[in-house]
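The listed protein sequences derive, respectively, from chains A, S, U and G. No gaps in the numbering here: position 34 of the first sequence is 40 in the working numbering, and each next residue is one more. No gaps in the numbering here: position 51 of the second sequence is 57 in the working numbering, and each next residue is one more. No gaps in the numbering here: position 99 of the third sequence is 105 in the working numbering, and each next residue is one more. No gaps in the numbering here: position 28 of the fourth sequence is 34 in the working numbering, and each next residue is one more. Structure, as structure tokens:
4 protein chains.
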Amino acid sequence: MPDDSLAALTAEVRAFADERDWARFHSPRNLAMALSVEANELLELYLWCADDGPQPLHPARQPKVADEAADVLMCLLNFADRAGIDLAEALRTKLMEAERKYPADQVRGKALKYDEY
Amino acid sequence: MPDDSLAALTAEVRAFADERDWARFHSPRNLAMALSVEANELLELYLWCADDGPQPLHPARQPKVADEAADVLMCLLNFADRAGIDLAEALRTKLMEAERKYPADQVRGKALKYDEY
Amino acid sequence: MPDDSLAALTAEVRAFADERDWARFHSPRNLAMALSVEANELLELYLWCADDGPQPLHPARQPKVADEAADVLMCLLNFADRAGIDLAEALRTKLMEAERKYPADQVRGKALKYDEY
Amino acid sequence: MPDDSLAALTAEVRAFADERDWARFHSPRNLAMALSVEANELLELYLWCADDGPQPLHPARQPKVADEAADVLMCLLNFADRAGIDLAEALRTKLMEAERKYPADQVRGKALKYDEY
Numbered sequence: 007m008p009d010d011s012l013a014a015l016t017a018e019v020r021a022f023a024d025e026r027d028w029a030r031f032h033s034p035r036n037l038a039m040a041l042s043v044e045a046n047e048l049l050e051l052y053l054w055c056a057d058d059g060p061q062p063l064h065p066a067r068q069p070k071v072a073d074e075a076a077d078v079l080m081c082l083l084n085f086a087d088r089a090g091i092d093l094a095e096a097l098r099t100k101l102m103e104a105e106r107k108y109p110a111d112q113v114r115g116k117a118l119k120y121d122e123y
Numbered sequence: 007m008p009d010d011s012l013a014a015l016t017a018e019v020r021a022f023a024d025e026r027d028w029a030r031f032h033s034p035r036n037l038a039m040a041l042s043v044e045a046n047e048l049l050e051l052y053l054w055c056a057d058d059g060p061q062p063l064h065p066a067r068q069p070k071v072a073d074e075a076a077d078v079l080m081c082l083l084n085f086a087d088r089a090g091i092d093l094a095e096a097l098r099t100k101l102m103e104a105e106r107k108y109p110a111d112q113v114r115g116k117a118l119k120y121d122e123y
Numbered sequence: 007m008p009d010d011s012l013a014a015l016t017a018e019v020r021a022f023a024d025e026r027d028w029a030r031f032h033s034p035r036n037l038a039m040a041l042s043v044e045a046n047e048l049l050e051l052y053l054w055c056a057d058d059g060p061q062p063l064h065p066a067r068q069p070k071v072a073d074e075a076a077d078v079l080m081c082l083l084n085f086a087d088r089a090g091i092d093l094a095e096a097l098r099t100k101l102m103e104a105e106r107k108y109p110a111d112q113v114r115g116k117a118l119k120y121d122e123y
Numbered sequence: 007m008p009d010d011s012l013a014a015l016t017a018e019v020r021a022f023a024d025e026r027d028w029a030r031f032h033s034p035r036n037l038a039m040a041l042s043v044e045a046n047e048l049l050e051l052y053l054w055c056a057d058d059g060p061q062p063l064h065p066a067r068q069p070k071v072a073d074e075a076a077d078v079l080m081c082l083l084n085f086a087d088r089a090g091i092d093l094a095e096a097l098r099t100k101l102m103e104a105e106r107k108y109p110a111d112q113v114r115g116k117a118l119k120y121d122e123y
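Structure follows, in structure tokens:
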């Protein structure tokens, strides 16, 4: 089975950029911009549903979803690599904080995770 | 060393949502929206530099970078999980296509990856 | 009745930045980043509906909608001002092209405006 | 001189959608998504500069700037129209609050408008 560790995937993404001498365009700021752009190319695939329910994706768009999601991951791995962030550790820190902030028995079924406005 | 495979991280993120019965808010469309929102919270940390070079990040913002990057990863893992996408496979497919599209010896040092306008 | 022309609103937004000497942060690139960030602060208000229809906005979020939309307009006016764009003219050019591209009698009621994938 | 009031521009944008019966796709949530997507198509034009200064835009991208900015305005006008927001009033309210929050003589030349992290 192929290696799906963040370390292995990051090494592959980094090698791709290094072979093309593209690292110099890869400042964290540039990569943060690119991450937003790629996230929105993914979002675009979900535009213009009639908004009265979770319509199935337009068939012509289905094959593009994996492609755009991969672009987001590529940007995110490049960003974390250049910004010196351990994504797995950051994610687990985040989950631990969220466990404390949103105790399962108090928030079950409520979309209040963003309701602290 | 902790497991940094996408499979392990996805399982942790899914367990967190399941314990809170939040999966029902996690349609692919909603998660694609959330992914853009989180990517822009990361981007916000890089705003309002003077744009005459890669300024160091404002010190008060530094600790937030890992935190916001983790939010992006959490959304992306949730999205791929709900949309039925194998992110590692999609990334490697993408890299193989990009190898063909941008041969290293022809594009070295040129930012032309997005210049096909 | 207050003047709602783009020219008048742009002049007010520009005066605000000039009085604070903020114009030097207002490169088109920085303002394009800010525009995305502000658009996503607006989008955040619509997150985490159950996605089975156009739910009413959470009441606590309602007063924020006008506020965030105003931020988007402020960024857009600043951007156009610095990039030397006549927004009203650009919009009318766009509408004329769209009239040709999507003849009303052929596209009525179809969400195909983005279906050229 | 053509009318550049928000009221006139909104009326033109609304007529375009009405003639195509597209209003039913224009829920505020859908339009907020579209606004983010359009803002990122604009942002994409500024990607992959070397980040060591405000490089001139790639010449091939220049003509697209006005076009993408017009798309953002069209979305924003549609959004405000459907969400029942008076954009000019909201902008002026915002500017008045900002005048109080960032007194010109205290913040001149400092990029601290977002430094309250």
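Glycine included, each C-beta is placed from N, C-alpha and C at the ideal position.
- Residue pairing by DSSP places S11(G) opposite S11(U) in a beta bridge.
- With fewer than 16 other Cβ atoms from the protein chains shown falling within 10 Å of its own Cβ, A29(U) counts as exposed.
- Excluding the 5 residues flanking it on each side, A104(A) has no same chain C-beta neighbour closer than 7 Å.
- Of the residues assessed, D77(S) falls on the buried side of the cut-off, its CB having 16 or more other CB atoms within 10 angstroms.
- Look at the segment 36 to 47 of chain S: the residues with a C-beta under 7 Å from a C-beta of chain G are M39, S42.
- About 14 Å separates the Cβ atoms of L41(S) and L97(A), ruling out a contact at the 8 Å cut-off.
- Under the DSSP assignment, S33(S) falls outside any alpha helix (DSSP H); it carries neither an H nor an E label.
- When rounded, the separation of the alpha-carbon atoms in Y108(G) and F85(U) is 21 Å.
- For the pair A110(G) and M39(G), the Cα-to-Cα distance works out to about 34 Å.
- When CB distances to chain S are screened at a threshold of 7 Å, the residues of the segment 9 to 39 of chain U falling below it are R30, F31, S33, R35, N36, M39, in chain order.
- Pairing L53(A) with P34(G), the inter-Cα distance amounts to about 12 Å.
- Put simply, the backbone Cα of R106(S) is about 37 Å away from that of C81(G).
- In the structure shown, P69(A) adopts helical secondary structure according to DSSP, grouped into three states.
- Judged by DSSP secondary structure, D111(G) falls within the alpha helix (DSSP H) whose first and last residues are 110 to 113.
- A straight-line Cα-Cα distance of about 15 Å links K70(U) and V43(U).
- Contact annotation for E50(U) against chain S: V43 [CB-CB distance below 8 Å, chain order].
- Residue environment analysis places D27(S) among the exposed positions, since fewer than 16 neighbouring C-beta atoms fall within 10 angstroms of its C-beta.
- Proximity to G115(U) across L12(G), F31(G), D10(G), T16(G) peaks at F31(G), based on C-alpha coordinates.
- Within the same chain, Cβ atoms closer than 6 Å to the Cβ of T16(U) are found at L83, D87, the five residues on either side in sequence being excluded.
- Along the segment 93 to 106 of chain S, the positions whose C-beta sits under 8 Å from a C-beta of chain A are L93, A94, E95, A96, L97, R98, T99, K100, L101, A104, E105, read in chain order.
- Put simply, the backbone Cα of Q112(G) is about 11 Å away from that of E25(U).
- The closest CA to that of M102(S), considering only A13(A), A23(A), S11(A), A94(A), is found on A23(A).
- Residue contact with chain A for L82(G): absent (no Cβ-Cβ distance below 7 Å to any residue of chain A).
- In the structure shown, L53(G) adopts coil according to DSSP, grouped into three states.
- Interface flag for A89(U) against chain G is set, since a Cβ pair is found closer than 7 Å.
- Sorting E18(G), C55(G), V19(G), D73(G) by C-alpha distance to the C-alpha of A45(G) places D73(G) at the top.
- Chain order gives the chain S residues near L53(U) as N36, M39, A40, V43, where near means a beta carbon separation below 8 Å.
- Going by C-alpha positions, E95(U) is about 13 Å away from A14(G).
- Here DSSP, grouped into helix, strand and coil, assigns R26(U) to coil.
- For A21(A) and L63(S), the gap between their C-alpha atoms comes out near 26 Å.
- In terms of Cβ geometry, D92(A) and S11(S) do not form a close pair [threshold 7 Å].
- Judged by their CB atoms, L49(S) and R67(S) are not nearer to each other than the 7 Å cut-off.
- Of A89(U), E47(U), K100(U), the smallest CA-CA separation from N36(U) is found for A89(U).
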